[in-house]
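Q: Here the sequence shown stands for residues -22 to -1, 1 to 758, where the numbers follow mature numbering (1 follows the signal peptide of the UniProt record, and there is no 0).
Cβ atoms here follow ideal geometry from the backbone N, Cα and C, with glycine treated the same way.
Please find one structure pasted underneath; my questions will follow.
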Amino acid sequence: MSATNNFLSLCIFAITFWNSTAESGLVANYSKSSLFTVPKHLPTQTTVLDLSSNSISKLESSDFRSLPNLQVLILTHNSITEIDLGIFQHNDVLEHLDVSHNTLRSVSGFPTKSLKHVDLAYNDFSAMPLFTEFTKTTKLNYFGISARKLSSVEALVHLQVDTLFLGLEDLDGYKAGRLLVFNAKTVRIVLPQNVNIRILLDLRFNGTESLELSKIPLEQMEDLGTFLRRLDEKSTLLNLTIIDTKLSWKDLIDVFKAVGKSSINHLTVSYPTITEFNDGAFKNADPALKSVTVQYILSDTTRFDQNIVFLTFSNLNIDSLTVSDADILYIYCPETPSRFKYLSYKNNTLTDNMLQGCKNLTMLRTLILQKNRLEDLTKVSLMTTSMTSLKSMDVSQNRLYYKDSEIKCNWGEHIIKLNLSSNKLTDSVFRCLPNNIQMLDLQSNQISAVPKEIIELTALKELNLASNRLNAFPGCGNFKNLQALNVENNFVLDQFSEFFQTCQNIRRLKAGRNPFGCHCELRQLINLQKEESVALVGWPDIYMCEYPSDLRGTLLKNVRISELQCNVALLITVVLAVLLFVIAVVAFLCIRFDVPWYFKMLCRWSQVKHRIWKKKSEEIPESIQYHAFVSYSEHDANWVKTELIPNLEKEEGSLRICQHERNFIPGKSIMENIIDCIEKSYKSIFVLSPNFVQSEWCHYELYFAHHKLFSENADGLILILLESIPAYIIPARYYKLKALMAKRTYLEWPEDKRKHPFFWTNLRAALQIKLPNPEEMKEL
């Protein structure tokens, strides 16, 4: 069993060391690889090399020369027969060397000064493979050795080491009376199994604080008592561990008595095998003994009176008691007021009917009932009623449940730490908690939400709800002073609103490994890690999106959710701002480039085209000879002659314009010519200007054209506004002109030359029609 503990210690060390070096170096694991030699061409950055459980029989100086960064070398369970520590002269940072469980017969050479852990135990040494130079120059944290003879035991006196392991199971030829002196702070000895070799009475310690004795022969239990009684007040030995030893119940009681009168403060008995019950309960211990740990009790007798065990452990006059992995069924309340400040009965078969109404545990501060058969949380709370000093309680890994009932929970009023993890508790557990609780662990239960109708736990600072069934972050409405929250491994998606509204005092949050929905509400959690006041544990590696599917597996730190997507008010503001900006830009462009004018002209053109399309099937009267008759003031003649007529008649045979100077028939009166031209023209064009309204003849022309419009129900007038005409200068008799300008659309002559082509296109479109051919008319 000592070998097992030695191996476990090695594993713990290796795991810790590997974790600390994994980031900076390389771990090369060749364990159980059927190797006969050390592999060649190992990476030079290797820091941990595991060659355990192979068939390596010899080590060469070249095997490790190329590994300057090697810090841990494990060679256990091979077939190595000899080792020269000089082969590690190039490994200047080697700290951990384990060559235990081989067939070593000799060790030579000087180890590197960097070595801190050397294990040579369980080999084939006939004597201690040490020499004075080695022990005087080496400062180790751990040294393990085993031998069949103690011929070099003097060398151990000079060995500077914190922990010394000495495997003496196969010791032979030892003569009693030879003092064995050790200086290490911790000494671990596996005693000889030859019952005739008695070394317990020869052990001496100089500055040793902890002693571990394994496999004490049953026949030498009296020697153990004698050894313990020699440990007077001058002794520095404070901790005693007895491992894997067979003894009677009387022997164990004698150990309790002897330890109580020695310098030992802390006694641990692991894997004891009780061979027989031959004495009653032990009800006291000397006040010098402070703590007792008994674990993994085995029974090798058919008579095993648990009542004796219960009474013995319950009435020990010590500060701390641990009885674990012993199948204890019950705990008795101490018969008198107890010194117990710490009680641990983990991993037994205790039920919740024990310690009810116990009034003799008033000094108890910590009670651990982990991994038993507790079921009713109400009964568990009643255990603590009289424990007026109890502050911490652990009832994790049981079968606890709580149902709202008439029996209320009644906890000790000073409990501030409670571990209820790994039970069967649901949301109702929040109605059965100590009022002054500060640290609460509810991990691995069946909690889906924190009810709102619970008492306020104002003292609560730490809450662990990991591995439950939460579907939303819990709020802190009832835990106003909560500082640390753990909600890892739940059903949490994206409901954070209540949490961020009420949990203002949170300083530490563990929320990884949840199926996060990466939507708007998640922005608050993502932004939380940027706040120095809150530590987001595990960020960013264990925070990933689960929904939507296109973001599944994406780290939250890589998700970009803009404020605009999530803030409706901001979105509306931005949309309105953009809209106003667009309107302003459009308005500016319209003003800058006179878009309304183009639009108006385009509408006019469309209307004209539409009318032409509707009338294209109508026959044009044979009397029509001109596309348009032009009426204008003599003051505007220059524009008509240089702009209007040339642009309308610029293409041969396109448009025919009737102009009084050119087409009036001599001999006829002006009035007759006006009427005649209007009658022969498809449309009449009036060039409007202030000059126009001052012309009497223009008035007549307008009158007759207007008369023709109504008489033929046609749309034959085209008004061109050459210059703007203020309403006040239009004579009253021109009431028809006022009415036409008010009701009809007219074309404005643009001053901007860039608009002229569009103007002419519109005007030509209004006049575009096929007239009867004059030559054909003459033939007819």
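What is the DSSP secondary structure of Asp201, reduced to helix, strand or coil?
A: Asp201 falls in the helix class under three-state DSSP.
Q: If Leu500 sits next to Leu534, beta carbons under 8 Å apart, how far is it from one beta carbon to the other, in whole angstroms?
A: 7 Å
Q: Contact defined as beta carbons within less than 8 Å: I believe Ile296 pairs with Ser269. What is the distance between those atoms, to the nearest angstrom?
A: 6 Å
Q: The beta strand (DSSP E) spanning Glu476 covers which residue range?
A: Not the beta strand (DSSP E): Glu476 falls in the alpha helix (DSSP H), residues Ser475 to Thr480.
Q: Any idea if Met332 is buried or exposed, counting beta-carbon neighbours within 10 angstroms, 16 or more meaning buried?
A: Around the Cβ of Met332, a 10 Å sphere holds 16 or more other Cβ atoms; the residue is buried.
Q: Roughly how many whole angstroms lie between the Cα atoms of Thr480 and Gly453?
A: Going by the C-alpha atoms only, they are around 6 Å apart.
Q: Beta-carbon within less than 6 Å of Ala(-9)'s beta-carbon, same chain only, minus the 5 sequence neighbours each way: which residues are those?
A: With a pLDDT of 47 at Ala(-9), under the threshold of 50, the modelled position of this residue cannot be trusted, and the question is left open.
Q: What do you get for residue 777, buried or exposed, if any count of 16 or more other CB atoms within 10 angstroms of its CB means buried?
A: Outside the modelled stretch of the chain, which goes from -22 to 758, sits residue 777, for which no answer is possible.
Q: Look at Ser359 and Asn388 and say whether their C-beta atoms are less than 8 Å apart.
A: Yes, the pair counts as a contact, with Cβ atoms nearer than the cut-off.
Q: Counting only the same chain and skipping the five closest in sequence on each side, list residues whose C-beta sits under 8 Å from that of Lys381.
A: Ser406
Q: So the candidates are Asn414, Leu181 and Thr25; which of them puts its Cα closest to the Cα of Glu460?
A: The sequence given here has Leu at residue 460, not Glu. The shortest Cα separation from Leu460 among Asn414, Leu181 and Thr25 belongs to Asn414.
Q: In angstroms, rounded to a whole number, what distance separates the CA positions of Leu215 and Asp354?
A: About 44 Å.
Q: Should Pro250 be labelled buried (16 or more other beta-carbon atoms within 10 Å of its own) or exposed?
A: buried
Q: Applying the 10 Å Cβ sphere with the 16-neighbour rule, what's the burial state of Tyr610?
A: Buried, by the Cβ-count rule.
Q: State the DSSP-derived secondary structure class of Met522, mapped to helix, strand or coil.
A: strand
Q: Does the contact criterion of 3 or more C-beta pairs under 8 Å hold for the segment 632 to 641 versus the segment 722 to 735?
A: Flag = no, the segment 632 to 641 and the segment 722 to 735 do not touch.
Q: Entirely within the segment 161 to 238 and at least 3 residues each: give me those beta strand (DSSP E) ranges in chain order.
A: 164 to 168, 181 to 183, 188 to 192 and 217 to 225
Q: Determine the burial state of Glu466: buried for a count of at least 16 other Cβ atoms within 10 Å of its Cβ, exposed for fewer.
A: That one is buried.
Q: So, helix, strand or coil for Asp654, using DSSP?
A: helix
Q: May I have the straight-line CA-CA distance separating Arg742 from Leu626, to the nearest angstrom?
A: 7 Å
Q: Helix, strand or coil: which one does DSSP assign to Glu60?
A: strand
Q: DSSP three-state label for residue 827, please.
A: A question about residue 827 goes unanswered here, because the residues of the chain that appear run from -22 up to 758.
Q: Along the chain, where does the alpha helix (DSSP H) containing Met417 start, and where does it finish?
A: Segment Met417 to Asp419 is the beta strand (DSSP E) holding Met417; no alpha helix (DSSP H) there.
Q: Does Glu726 come out as helix, strand or coil in the three-state DSSP assignment?
A: The three-state secondary structure of Glu726, taken from DSSP, is strand.
Q: Can you list, in chain order, the stretches of the alpha helix (DSSP H) that have 4 or more residues and sit fully within the segment 421 to 481?
A: 475 to 480
Q: Please state the DSSP three-state secondary structure of Cys544.
A: helix
Q: Please confirm if the segment 550 to 570 is in contact with the segment 519 to 536, defined as three or more CB-CB distances below 8 Å between the two stretches.
A: no
Q: Between Lys458 and Thr436, is the Cβ-Cβ spacing less than 8 Å?
A: yes
Q: From which residue to which residue does the alpha helix (DSSP H) around Leu4 run?
A: Premise fails: Leu4 lies in the beta strand (DSSP E), Leu4 to Asn7, not in any alpha helix (DSSP H).
Q: Buried or exposed for Pro315, going by 16 or more other Cβ atoms inside 10 Å?
A: exposed
Q: Express the C-alpha separation of Trp738 and Leu745 in angstroms, rounding to a whole number.
A: 11 Å
Q: Mind checking whether Lys224 and Thr253 have CB atoms under 8 Å apart?
A: yes
Q: Do you know how far the Cα of Leu189 is from the Cα of Asp140?
A: 12 Å
Q: What residue range does the alpha helix (DSSP H) around Ile504 cover?
A: Leu500 to Leu506
Q: Please name the residue, chosen from Leu178, His55 and Leu27, that lies closest to Ser44 on a Cα-to-Cα basis.
A: Among Leu178, His55 and Leu27, the Cα nearest to that of Ser44 belongs to Leu27.
Q: Can you tell which of Ile220, Ile703 and Val237 has the C-alpha that lies nearest to the C-alpha of Thr246?
A: Ile220
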